[in-house]
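Residue numbers (mature numbering (1 follows the signal peptide of the UniProt record, and there is no 0)): -19 to -1, 1 to 323. Every residue, glycine too, gets a C-beta built ideally from N, C-alpha and C. From a predicted model like this one, the values you see are computed outputs, not experimental measurements. Structure record follows, encoded as structure tokens.
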């Protein structure tokens, strides 16, 4: 099985090599010489192993306690996609950072693989606070969270009930609940939503009786003349060497694709309800001026309490802010966390 997975991965990489757009400093697989990286694991409250990459600035003074930041990956991705880049860039500025794999993804526990569970995703961030807050070199009163894409909605969900998260930032945020219920720009009708829910419910019978799992959404595996702009945008990151990554013993044919039956759980996910109760902890929302997801950051900003800030990056799309270091406002993120985690 493992040999087959490797061969499939090599085939997909070879087919997509010409498609990678590396403009604006795209550097998803950045390796910093200014930090050390250690693989770590810890248990969430459901006794599931959460895996992460811990980044510590080189030269950290013995006995010191540093501010720390937890970084969450885009929905359907893993920590090696976007999260490691952000974590290293922030660790270079003196923070201890932890890029985690959400449950059911990457190296973290959870069966079936690629399952959707917004509650457990949020719990993973609180478990990461548990872990960091018990390390001798971390100041447990100065821990922040950063969520990219779908993780932006998960960190908000977590922060509402975990005041130990002292500063909350999102980049290219997707409200995964609204995106599934309503579509982008409210393009999905209630009837279409009901049809999607019914299909997922019927599929439960298939899987309960031993049938094969079905997967949904995620990134297309090939482009055609009819592929739309959003499909092309995600393809260029997830299906080319720019950002393609397949975890060990998993198939590249399934990366980014949630299971159909569990994806329906997003219909009951309302991360922005009571978002104002996070105040007076500071919130920062970063989105691209051209991002198809911009509506979610703007809505979260509208509803959030003070202090809050919305930063719109000129010329940037949604996926641009995953890895294009010439567009990502690392200086803004650094200043935000330095202020919020004093």
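To which residues of the same chain is residue i closer than 6 Å at the C-beta, ignoring the five residues directly before and after it?
| i | result |
| --- | --- |
| residue 154 | 133, 277, 278 |
| residue 96 | 85, 240, 243 |
| residue 315 | 74 |
| residue 71 | 50, 78 |
| residue 18 | 34, 36 |
| residue 151 | 128, 133, 266 |
| residue 83 | 102, 105 |
Using only CA atoms, which one of the options lies nearest to residue i?
| i | options | result |
| --- | --- | --- |
| residue 166 | 310, 274, 46, 184 | 274 |
| residue 299 | 214, 79, 208 | 214 |
| residue 267 | 261, 117, 293, 225 | 293 |
| residue 79 | 94, 101, 47, 174 | 47 |
| residue 218 | 205, 199, 141 | 199 |
| residue 67 | 127, 269, 158 | 127 |
| residue 203 | 13, 137, 233, 191 | 233 |
| residue 45 | 65, 112, 117, 98 | 117 |
| residue 252 | 160, 270, 323 | 160 |
| residue 286 | 170, 183, 265, 189 | 265 |
| residue 179 | 113, 248, 112 | 248 |
| residue 141 | 197, 261, 43 | 261 |
| residue 212 | 189, 237, 188 | 237 |
| residue 10 | 1, 65, 263 | 65 |
| residue 250 | 39, 12, 157 | 157 |
| residue 39 | 57, 14, 25 | 14 |
| residue 26 | 176, 172, 57, 104 | 104 |
| residue 101 | 114, 28, 280 | 28 |
What residue does the beta strand (DSSP E) around residue i start on, and which one ends it?
| i | result |
| --- | --- |
| residue 35 | 30 to 38 |
| residue 52 | 47 to 53 |
| residue 277 | Residue 277 -> not in any beta strand (DSSP E); alpha helix (DSSP H) instead, spanning 275 to 284. |
| residue 120 | 119 to 129 |
| residue 149 | 146 to 152 |
| residue 81 | 77 to 81 |
Leaving aside the five residues before and after residue i along the sequence, list all residues of the same chain whose C-beta is less than 7 Å from its C-beta, in chain order.
| i | result |
| --- | --- |
| residue -18 | Here residue -18 scores only 46 on pLDDT, less than 50, and its place in the model should not be relied on; the value that follows carries that caveat. So the list reads 230, once near-sequence residues are dropped. |
| residue 55 | 62, 63, 129, 130, 131, 132, 303 |
| residue 22 | 30, 31, 32 |
| residue 228 | 59, 87, 88 |
| residue 270 | 293, 294, 295, 296, 297 |
| residue 41 | 47, 118 |
| residue -5 | In this prediction, residue -5 scores a pLDDT of 43, lower than 50, which makes its location untrustworthy; the coordinate-derived value is nonetheless stated afterwards. Around residue -5: no qualifying Cβ. |
| residue 322 | 48, 123, 125, 147, 148 |
State yes or no: is the C-beta of residue i within less than 8 Å of the C-beta of residue j?
| i | j | result |
| --- | --- | --- |
| residue 7 | residue 220 | no |
| residue 87 | residue 32 | yes |
| residue 201 | residue 194 | no |
| residue 137 | residue 124 | no |
| residue 76 | residue 226 | no |
| residue 16 | residue 69 | yes |
| residue 259 | residue 284 | no |
| residue 53 | residue 106 | yes |
| residue 5 | residue 308 | yes |
| residue 99 | residue 246 | yes |
| residue 81 | residue 109 | yes |
| residue 310 | residue 288 | no |
Taking residue i as part of the alpha helix (DSSP H), name the residues at either end of that continuous run.
| i | result |
| --- | --- |
| residue 10 | From DSSP, residue 10 is part of no alpha helix (DSSP H); its letter is neither H nor E. |
| residue 95 | Element bounds for residue 95: n/a, residue is neither H nor E. |
| residue 64 | 64 to 72 |
| residue 25 | No alpha helix (DSSP H) contains residue 25, which DSSP labels as neither H nor E. |
| residue 177 | 171 to 189 |
| residue 85 | Looking at the DSSP string, residue 85 is not in any alpha helix (DSSP H), and its letter there is neither H nor E. |
| residue 217 | 210 to 219 |
| residue 102 | 99 to 114 |
Confirm the yes/no value for this check: CB of residue i, any heavy atom of the ligand NAP, distance under 7 Å.
| i | result |
| --- | --- |
| residue 180 | Absence of the ligand NAP from the depicted structure is noted, as is the absence of any ligand whatsoever, leaving it without description. |
Might you give, ordered along the chain, the residues of its own chain that have their beta carbon closer than 8 Å to the beta carbon of residue i, omitting 5 neighbours on each side?
| i | result |
| --- | --- |
| residue 313 | 265, 267, 292 |
| residue 196 | 95, 235, 238, 239, 240, 241 |
| residue 162 | 169, 174, 247, 248 |
Runs of alpha helix (DSSP H) lying entirely within the segment 230 to 313, each at least 4 residues, in chain order: 241 to 244, 275 to 284, 301 to 304
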